[in-house]
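Each number in our numbering corresponds to the 1-based position in the sequence shown with 33 added.
Glycine included, every Cβ here is placed at the ideal spot set by N, Cα and C.
Heads up: the structure comes next, in structure tokens.
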Amino acid sequence: MKLSQEDLAGLIDSDALRTRLSALTEKHDGDGSDMKIRAEVLKELKSQVKSARSEAQKRLNEDGGGILCAGRLSFIQDELIRVIYDFARHHVYRIKNPSAAERMSIAAVGGYGRGTLAPGSDIDLLFILPYKQTPWGEQVVEYILYMLWDLGFKVGHATRNIDECIRLAKTDMTIRTAILEARFIWGDRPLYDEMEQRFDAEVVVGSSSEFIAAKLLERDERHQRQGTSRYLVEPNIKEGKGGLRDLNTLFWIAKYHYRVERQAELVKKGVLTRSEYARFKKSEDFLWAVRCHLHFLTGRPEERLSFDVQREIAIRLSYTQHPGMKDVERFMKHYFLVAKDVGDLTRIICAALEEEHVKEPRGKGLTGMMRRLRSGRKSNTVTPIKGAPGFVVENNRINVTADTIFESDPTNFLRVFQVADKHDYNFHPRLTRLIRQSLKLVDKDLRTNPEANRLFLSVLTSRYQPEKTLRKMNETGVLGRFVPEFGKVVAMMQFNMYHHYTVDEHLIRSIGVLAEIERGNSGDDHPLATDLILTLQNRKVLFVAMFLHDIAKGRPEDHSIAGAKVARKICPRFGLNDAETETVAWLIKHHLDMSTIAQSRDLSDQKTIQDFAQTVQSLERLKLLLILTVADIRAVGPGVFNGWKGQLLRTLYYASEPHLSGGHTKMSHNAAIAEAKEGLGKKLGHWPAKDRKAYLDRHYPAYWLRTEPDRLVTHAELLHQADKEGKQLAFQVIPRAFEGVTELNIMAPDHPRFLSTIAGACFSTGANIVDAQIDTTTDGFALDTIFIGRELPDDEDERRRGERITALILRTLRGDERLPEPVSKKGSMKGRVKAFKVATEVLVNNALSDDYTVLEISGLDRPGLLYDLTRSIATLNLNIGSAHISTFGEKAVDVFYVTDLTGQKIANIGRQDIIRERLANAVEGEVELDPAAPVARKVQRQAS
Numbered sequence: 034m035k036l037s038q039e040d041l042a043g044l045i046d047s048d049a050l051r052t053r054l055s056a057l058t059e060k061h062d063g064d065g066s067d068m069k070i071r072a073e074v075l076k077e078l079k080s081q082v083k084s085a086r087s088e089a090q091k092r093l094n095e096d097g098g099g100i101l102c103a104g105r106l107s108f109i110q111d112e113l114i115r116v117i118y119d120f121a122r123h124h125v126y127r128i129k130n131p132s133a134a135e136r137m138s139i140a141a142v143g144g145y146g147r148g149t150l151a152p153g154s155d156i157d158l159l160f161i162l163p164y165k166q167t168p169w170g171e172q173v174v175e176y177i178l179y180m181l182w183d184l185g186f187k188v189g190h191a192t193r194n195i196d197e198c199i200r201l202a203k204t205d206m207t208i209r210t211a212i213l214e215a216r217f218i219w220g221d222r223p224l225y226d227e228m229e230q231r232f233d234a235e236v237v238v239g240s241s242s243e244f245i246a247a248k249l250l251e252r253d254e255r256h257q258r259q260g261t262s263r264y265l266v267e268p269n270i271k272e273g274k275g276g277l278r279d280l281n282t283l284f285w286i287a288k289y290h291y292r293v294e295r296q297a298e299l300v301k302k303g304v305l306t307r308s309e310y311a312r313f314k315k316s317e318d319f320l321w322a323v324r325c326h327l328h329f330l331t332g333r334p335e336e337r338l339s340f341d342v343q344r345e346i347a348i349r350l351s352y353t354q355h356p357g358m359k360d361v362e363r364f365m366k367h368y369f370l371v372a373k374d375v376g377d378l379t380r381i382i383c384a385a386l387e388e389e390h391v392k393e394p395r396g397k398g399l400t401g402m403m404r405r406l407r408s409g410r411k412s413n414t415v416t417p418i419k420g421a422p423g424f425v426v427e428n429n430r431i432n433v434t435a436d437t438i439f440e441s442d443p444t445n446f447l448r449v450f451q452v453a454d455k456h457d458y459n460f461h462p463r464l465t466r467l468i469r470q471s472l473k474l475v476d477k478d479l480r481t482n483p484e485a486n487r488l489f490l491s492v493l494t495s496r497y498q499p500e501k502t503l504r505k506m507n508e509t510g511v512l513g514r515f516v517p518e519f520g521k522v523v524a525m526m527q528f529n530m531y532h533h534y535t536v537d538e539h540l541i542r543s544i545g546v547l548a549e550i551e552r553g554n555s556g557d558d559h560p561l562a563t564d565l566i567l568t569l570q571n572r573k574v575l576f577v578a579m580f581l582h583d584i585a586k587g588r589p590e591d592h593s594i595a596g597a598k599v600a601r602k603i604c605p606r607f608g609l610n611d612a613e614t615e616t617v618a619w620l621i622k623h624h625l626d627m628s629t630i631a632q633s634r635d636l637s638d639q640k641t642i643q644d645f646a647q648t649v650q651s652l653e654r655l656k657l658l659l660i661l662t663v664a665d666i667r668a669v670g671p672g673v674f675n676g677w678k679g680q681l682l683r684t685l686y687y688a689s690e691p692h693l694s695g696g697h698t699k700m701s702h703n704a705a706i707a708e709a710k711e712g713l714g715k716k717l718g719h720w721p722a723k724d725r726k727a728y729l730d731r732h733y734p735a736y737w738l739r740t741e742p743d744r745l746v747t748h749a750e751l752l753h754q755a756d757k758e759g760k761q762l763a764f765q766v767i768p769r770a771f772e773g774v775t776e777l778n779i780m781a782p783d784h785p786r787f788l789s790t791i792a793g794a795c796f797s798t799g800a801n802i803v804d805a806q807i808d809t810t811t812d813g814f815a816l817d818t819i820f821i822g823r824e825l826p827d828d829e830d831e832r833r834r835g836e837r838i839t840a841l842i843l844r845t846l847r848g849d850e851r852l853p854e855p856v857s858k859k860g861s862m863k864g865r866v867k868a869f870k871v872a873t874e875v876l877v878n879n880a881l882s883d884d885y886t887v888l889e890i891s892g893l894d895r896p897g898l899l900y901d902l903t904r905s906i907a908t909l910n911l912n913i914g915s916a917h918i919s920t921f922g923e924k925a926v927d928v929f930y931v932t933d934l935t936g937q938k939i940a941n942i943g944r945q946d947i948i949r950e951r952l953a954n955a956v957e958g959e960v961e962l963d964p965a966a967p968v969a970r971k972v973q974r975q976a977s
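Here it is as structure tokens:
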């Protein structure tokens, strides 16, 4: 883009600058080689750089033009280099009669060569010489570089003669690309023109296939490094998929192959339509605006649009909040739509390149290269597709016989995807382009057409590759037009650290995970879901519910409730009957329930299970909900689903199953305790009878009701061994690789601060507690089972890590070591977390358990949070029965089952208020260790 004089006016007056610099040498007869003069020159240049770049930033804030800003910064840089070169030539290294070798041309290369610069970009320069380097040339180059470095610029440079440029460009693709984008800045113009002419004739001609193949391969490798989805919620604006580098690659390819100097010429060449070119320019301008703001905001060449800067960039770009969507979410939605456009343009230009070379002999030139990049390698014969008139397949790619195919029968919009899914065809670029140009035909009539809906449902519930087909449907725009409710969440991001992808990408990925579970390809991660999906009476409702479960995101209403309403409206259109529609709506309304209960409730508490079973009401729904929950968590992002979450979900499923399978008779507590004791007694047959009897009387009833049989044995052996050795403190470490956790069993004399000591030791060693079961024996010992997140792949390494943590706990309990005070109050939060505001909430609930008061504390996660909470709970004289720790990105949800010191629930309203106040303060990092303090403050407030 060539900027007008008006765009550049007032940025930098290079003539006035030259005059001021020359004036500095007047007392020395025009000689500026003195170091004092150089210091003055540098000072003058620094002042000029500061004012010029400030003006560029001011204009960016005023007009919002991204390419304008990048062009202005490039112009400022050009003028600086010209001034420095002229000063060096006329005042520092003066020669009256230069020889033929004492000439030099300065060219901008890389991004700078395109005439665009971001505030923190590198300055890439090529110094072109006619022959070999001369002392004069070496000195001038050195003067320019040191001056630029002293001005604070990061400069990439090369000094070569023309022969070297050509020779290296032939063998090195990076150098070839740099010279392709070279732009004359200053110096000897004929020298630059000669290099450009020779580069064109000796390097470019006849080598476009090689260049294009290398650039596309380079792009694919870059995407692999950055993350293959263009819908990652913290995208790299330069290197990520759909970012500026992708646009650069397109233009490199077009410039190299079509020999164009400006993007607008691609319209004349027939590569892009006018509307496509307008999208190219609009996308480029938006990405440049974001990048320039990002560099100015951070003061460094930051290319990742991380959470901590997204909101500020949104404000700078004038986005505002709408109901159900924050300003930052609206900005990021625009970003992802632009990234989608960049993807479309990539496909269009690659298609045009291929189309042009389709008549070349097979395997030669560009066609051969493109064929290697495609999955199909069959012959070029065009074959009609049986049962799909108007569609043909060529080279494993589906195409059309006439451009009127969608006009004559709009159901072909859905049929083409169903056929592609069934036969695993790729889409011919001509077909992709035709679909995009015909989208207005996807209207209300097509949306209510029974055949169209039947075809869509067959794609959605396909046993082939539904994820791949739905993504293609989304990228072409058909999915958002055919299901307008889905269209509303296209490119929508949620401003939190939990979700890794945009809403539409998450929904499509979740269908892929579901298909993977059904094929049995992920049994190691969730064997129960893999087994259950084969027993479903109706798999269709599962896939439809999965597709719609987050469809109402971005609305003011709770998305689960709103989503159920959407399902009731849309499912009949898809051809589901009343019962199926009701099941889908129920699954969407309750799609978070199983995950929430599994991760934040005591699954050994019978009331938890009874309440959950009452909500679910049927075994078939329980199966559907478990599979949907697993797939939903898996599709959130890599590493979010782990063995521990899988174990919790399985525990909840197996505990609820008897309540829903019919004929369930609830065993009385006394009978259940007797059975547990009898089972353990048999496994302890090698103990003396006296020891065995004493041990069975050592635990309270609650322990026998909620502890798993295997853990009963583990605890028994731990306590028995401690008794034999006369120890008051004992521990056992059990790595559990499948669940992704390590179990710490710790025995010590009971103490109100026992759990907080454990939490403090885990905090100071960097261990992450995910769950805790707390028990007390009748003879005054605490027996706590703590589960920490696994960090090391080898069981023995993980066991040693657990032993180091337990050793610190034991030293602390003995008083040999003092735990450090958490330094992680508000100030030390990491930058990404600081970007979020999570309201602190403390719920005190007596209805969730028959025996305990349930405290649910949610707030912004930070290191040491659990330590602060458990210290506060101990100060409040509460006994913790179990603790359930979960994090959702930046949000922590910690749940404690507690009683008072007499074992009763907390019924007093005043005391509940004190608990809420104390724990809310602890979330903020303010731990009050004086039991009377909250009461005093409460009394004081009432008095005032």
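Over what stretch of residues does the alpha helix (DSSP H) that includes Y291 continue unbroken?
For Y291, the uninterrupted alpha helix (DSSP H) run begins and ends at L277 to Y291, by DSSP.
Which of the three DSSP states is assigned to S132 in this structure?
Three-state result, S132: coil.
Between the Cα of H123 and the Cα atoms of A595, R51 and A133, which residue gives the shortest distance?
For the residues A595, R51 and A133, the minimum Cα distance to H123 belongs to R51.
With distances taken Cα to Cα, identify the nearest neighbour of T494 among A548, V415, V599 and E708.
Distance from the Cα of T494 is smallest, within the candidate group A548, V415, V599 and E708, for A548.
In terms of residues, what are the limits of the alpha helix (DSSP H) holding T641?
For T641, the enclosing alpha helix (DSSP H) begins and ends at Q639 to V649.
Based on Cα-Cα distance, which residue from G276, A202, G510 and R292 lies nearest to G191?
The displayed chain sequence assigns Ala, not Gly, to residue 191. Sorting G276, A202, G510 and R292 by C-alpha distance to the C-alpha of A191 places A202 at the top.
For the structure I just gave you, are there three or more beta carbon pairs, one from the stretch 871-886 and one from the stretch 936-956, closer than 8 Å?
These segments touch.
How many angstroms separate the CA atom of A805 from the CA atom of L655?
Distance from the CA atom of A805 to the CA atom of L655, rounded to whole angstroms, is 26 Å.
Is I6 helix, strand or coil when you go by DSSP?
Only positions 34 to 977 of the chain appear in the structure, and residue 6 is not among them; the question remains open.
Cutoff 7 Å; reference A792; Cβ partners in own chain excluding five residues on either side:
Contacts found: I802, L899, Y900 and T903.
In terms of residues, what are the limits of the alpha helix (DSSP H) holding W321?
Per DSSP, W321 belongs to the alpha helix (DSSP H) from R307 to T331.
Just to confirm my understanding: we take E112, look at its own chain, exclude 5 residues before and 5 after, and list those with CB closer than 6 Å. What are they?
Close CB contacts of E112 within its chain, under the 6 Å cut and outside five residues either way in sequence, are with I45 and S47 (chain order).
Measure the alpha-carbon distance for R744 versus H533 and round it to whole angstroms.
Counting only the Cα atoms, H533 lies some 36 Å from R744.
Give the range of the alpha helix (DSSP H) segment to which M228 is assigned.
That run of the alpha helix (DSSP H) goes R222 to F232.
Would you call the CB atoms of L106 and L78 closer than 8 Å?
Judged by beta-carbon spacing, L78 lies beyond the 8 Å limit of L106, meaning their Cβ atoms are not closer than that value.
In the DSSP assignment, find the beta strand (DSSP E) that holds M780 and state where it starts and stops.
Its beta strand (DSSP E) spans residues V774 to P782.
Looking only at C-alpha atoms, which of P223, R92 and A940 sits nearest to A880?
Answer by Cα proximity: A940.
Where DSSP assigns a beta bridge to D611, which residues make up the other side?
DSSP output for D611 lists no bridge partner at all.
DSSP beta-bridge partners for F424?
Under the DSSP definition of a beta bridge, F424 partners with V433.
On the CB-based measure, 16 or more other CB atoms within 10 Å of its CB, does D611 come out buried or exposed?
Per the 10 Å Cβ criterion, exposed.
Drop a sphere of 10 angstroms on the beta-carbon of G545, count the other beta-carbons inside from all chains shown, and report buried for 16 or more, exposed for fewer.
Around the C-beta of G545, 16 or more other C-beta atoms lie within 10 Å, and the residue is accordingly described as buried.
Once you ignore the five residues that flank L184 on each side, which residues in its own chain have a CB closer than 8 Å to its CB?
Result list for L184: L75, L78, K79, V82 and L113, in chain order.
When you compare only the Cα positions, how much space is there between T932 and I948?
Using only the alpha carbons, I get a separation of about 12 Å.
Host beta strand (DSSP E) of A140 (start-end):
Its beta strand (DSSP E) spans residues S138 to A141.
Going by C-alpha to C-alpha distance, which of I642, H624 and V928 sits closest to A585?
Of I642, H624 and V928, the residue nearest in Cα terms is H624.
Given 8 Å as the limit, is there contact between the stretch 675-689 and the stretch 567-584, that is, 3 or more CB pairs closer than that?
With the cut-off at 8 Å, the stretch 675-689 and the stretch 567-584 do not touch.
By the DSSP assignment, the beta strand (DSSP E) with H917 in it spans what residues?
In the DSSP assignment, H917 falls within the beta strand (DSSP E) that extends over L911 to F921.
Using DSSP with H/G/I as helix, E/B as strand and the rest coil, what is M525?
Shown here, M525 sits in coil according to DSSP, grouped into three states, outside any helix or strand.
Quick check on DSSP: helix, strand or coil for S905?
In this structure, S905 counts as helix in the three-state DSSP scheme.
If distances are taken between C-alpha atoms only, which option among D808, A763, T809 and E850 comes closest to S797?
Ranking the options by Cα distance to S797, first place goes to E850.
Please classify P499 as buried or exposed, where buried requires at least 16 other C-beta atoms within 10 Å of its C-beta.
So P499 ends up on the buried side.
Buried or exposed by the 16-neighbour rule on C-beta atoms within 10 Å, applied to A704:
Exposed: under 16 other Cβ atoms inside 10 Å.
According to DSSP, is W1011 helix, strand or coil?
Here the chain comprises residues numbered 34 to 977, so residue 1011 is not present and cannot be evaluated.
Tell me which residue opens and which closes the beta strand (DSSP E) that L159 is part of.
Taken as a continuous stretch (DSSP letters only), the beta strand (DSSP E) holding L159 covers I156 to L162.
Segment limits, beta strand (DSSP E) that includes Y126
Where Y126 is concerned, there is no enclosing beta strand (DSSP E), given that its DSSP letter is neither H nor E.
Using the Cα positions of A89 and L277, report the straight-line distance between them to the nearest angstrom.
When rounded, the separation of the alpha-carbon atoms in A89 and L277 is 20 Å.
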